[in-house]
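Here the structure is laid out as structure tokens; the discussion comes afterwards.
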Ligand SMILES: [Fe+2]
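In this note's numbering, the protein residues as written are 2 to 447.
Quick look at the structure:
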């Protein structure tokens, strides 16, 4: 990788983080009043992130171009940042916002006023071309620049976005649902679990049509301080494994719903701990560990939910004999759904990028998982490794001969998955020659 590419990827990462914090800011305003410490600290973080993006250059502006389902920067899609940005994109789309610009000098207070303006249904009128400039000025939003559709150059979104769009919409809908559920649970409201089941049903239909499309989104570096991306990815992994195991449609639905909701108890964890960047102290970890019990309590209150979801929320940090937390009074064995969700949960956590750690490769994650004391149900862990493999479906790779491809299936040999070549669209297996030669995977592309 050249020096310039390194700078680019660091800059893209900083922009991803800024966009993600904008999304979290909108969610926080669903659960906290603007004057609370949580919100005030968050907008200060956002202002700090912007300074990092702009590298303290006083004349610069970060411009984000918005299509209906993706956020772009300088004509490049920010796929990772878009995955959880459903609410931000929807608000901007409804208001015909095509470009958002954030200029150097943006203050925390300005960010807060802009987020409040953007999310307020009674301020929809402000986004009319005749009013917008005046409204931004009257609200002191000097460092926020908004271009509406019709005021900007033609849409830059090309064929690649069109190809990603259905899966992206599905992923965003799941992340969006979890963000909304988090807010509902904070307020003690009932969750709409029928929506969760509907989303899992639609995800299964997508997987029937194109098995690797949704999982390929799970391989993007999705900045995820909010953990909803984690739950979406756990659900996609669980569905993938359940399908490979030949589970019935009804079982797949129950497994996917349980996986999607397994961390709902995190809504009762204080934001300072939930959003903490870095390792938790021993006391903070003890608080965090309560999310399993809280999750089961929240789900017990819901009507029409299969009990397997309650079990998975309660047991997903327990080993196959019930070791781990929350320690039950009497010993018992978690259900098969709980055991599968646990495997997917730990694998996802190990292979995801977190602010304080790098992502492990699947091979490294399996090594850690096989060594964990009281770890996993051995049958589920073995089946997981076989069906997810060393190069999970959706992973983008480069093979020798300098061709790029995406993994579309696993075979007997975990180093030789089935691939779709990106240049020709042909499906090939690495167990057979390609263009007259046996080929190997040279690099996993991020
Ligand atoms: Fe958890």
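Don't be surprised by glycine CBs; every beta carbon is placed ideally from N, CA and C.
Bear in mind the structure is a predicted one, so any value in this text is a computation, not a measurement.
{"Item": "Environment of residue 331 [buried if 16+ CB atoms lie within 10 Å]", "Value": "exposed"}
{"Item": "Runs of alpha helix (DSSP H) lying entirely within the segment 17 to 85, each at least 4 residues, in chain order", "Value": "38 to 54 and 80 to 83"}
{"Item": "Minimum Cβ-Cβ distance from residue 67 to chain D less than 8 Å", "Value": "Absence of chain D from the displayed structure is noted, only one protein chain being present."}
{"Item": "Heavy atom of ligand 1 within 7 Å of residue 1 beta-carbon", "Value": "In this structure the chain extends from 2 to 447, so residue 1 is not present and cannot be described."}
{"Item": "heavy atom of ligand 1 below 7 Å from residue 317 C-beta", "Value": "yes"}
{"Item": "Test item: CB-CB of residue 97 and residue 140 under 8 Å", "Value": "no"}
{"Item": "Coil, strand or helix - residue 319 by DSSP", "Value": "strand"}
{"Item": "Exposure of residue 26, with buried meaning 16 or more beta-carbon neighbours within 10 Å", "Value": "buried"}
{"Item": "Stretch-stretch touch, CB-based, cutoff 8 Å, three pairs: the segment 75 to 85 with the segment 110 to 121", "Value": "no"}
{"Item": "Reduced DSSP secondary structure (H/G/I, E/B, other) of residue 388", "Value": "helix"}
{"Item": "Neighbour-count burial assignment, residue 418, 16 or more Cβ in a 10 Å radius", "Value": "buried"}
{"Item": "Range of the contiguous alpha helix (DSSP H) that encloses residue 237", "Value": "229 to 245"}
{"Item": "Distance cut-off 7 Å: residue 307 Cβ against heavy atoms of ligand 1", "Value": "no"}
{"Item": "Beta-carbon proximity list for residue 69, same chain, < 6 Å, skipping 5 on both sides", "Value": "94"}
{"Item": "Where residue 429 sits in the DSSP three-state scheme", "Value": "strand"}
{"Item": "Residue 413 classed as buried or exposed, judged by whether at least 16 other C-beta atoms fall within 10 angstroms", "Value": "exposed"}
{"Item": "Assumed close pair residue 168, residue 207 - CB separation to whole angstroms, cut-off 8 Å", "Value": "6 Å"}
{"Item": "Exposure of residue 369, with buried meaning 16 or more beta-carbon neighbours within 10 Å", "Value": "exposed"}
{"Item": "Near ligand 1: residue 424 beta-carbon under 7 Å from a heavy atom", "Value": "no"}
{"Item": "Same chain, Cβ closer than 7 Å to residue 433, five either side skipped, listed in chain order", "Value": "none"}
{"Item": "Closer than 7 Å: residue 346 CB and nearest ligand 1 heavy atom", "Value": "yes"}
{"Item": "Separation of residue 232 from residue 190, as counted between CA atoms", "Value": "20 Å"}
{"Item": "Neighbourhood of residue 158 by C-beta distance below 6 Å, restricted to the same chain and skipping five residues each side", "Value": "At residue 158, the pLDDT of 48 sits below 50, so the modelled position is not reliable and the matter cannot be decided from this model."}
{"Item": "Outcome for residue 312 when other beta-carbon atoms lying within 10 angstroms are tallied against a minimum of 16", "Value": "buried"}
{"Item": "Counted within 10 angstroms of its Cβ, other Cβ atoms place residue 420 as buried (16 or more) or exposed", "Value": "buried"}
{"Item": "heavy atom of ligand 1 below 7 Å from residue 450 C-beta", "Value": "The shown model of the chain, from 2 to 447, leaves out residue 450, and the question about it has no answer."}
{"Item": "Helix, strand or coil at residue 273 according to DSSP, with G and I counted as helix", "Value": "helix"}
{"Item": "Among 138, 327 and 344, the one whose alpha carbon lies nearest that of residue 292", "Value": "327"}
{"Item": "Contact under 8 Å by Cβ, residue 178 with residue 196", "Value": "yes"}
{"Item": "Euclidean distance between Cα positions of residue 380 and residue 16", "Value": "42 Å"}
{"Item": "Nearest-angstrom Cα separation, counted from residue 245 out to residue 251", "Value": "15 Å"}
{"Item": "Nearest-angstrom Cβ-Cβ length linking residue 446 and residue 397, presumed shorter than 8 Å", "Value": "4 Å"}
{"Item": "Beta-carbon separation (whole angstroms), residue 18 vs residue 52, contact threshold 8 Å", "Value": "Between residue 52 and residue 18 the Cβ distance is about 12 Å, and since that is not below 8 Å, they are no contact."}
{"Item": "Contact test: residue 264 Cβ vs ligand 1 heavy atom, cutoff 7 Å", "Value": "yes"}
{"Item": "Secondary structure of residue 184, DSSP reduced to three states", "Value": "helix"}
{"Item": "C-alpha gap between residue 104 and residue 371, whole angstroms", "Value": "49 Å"}
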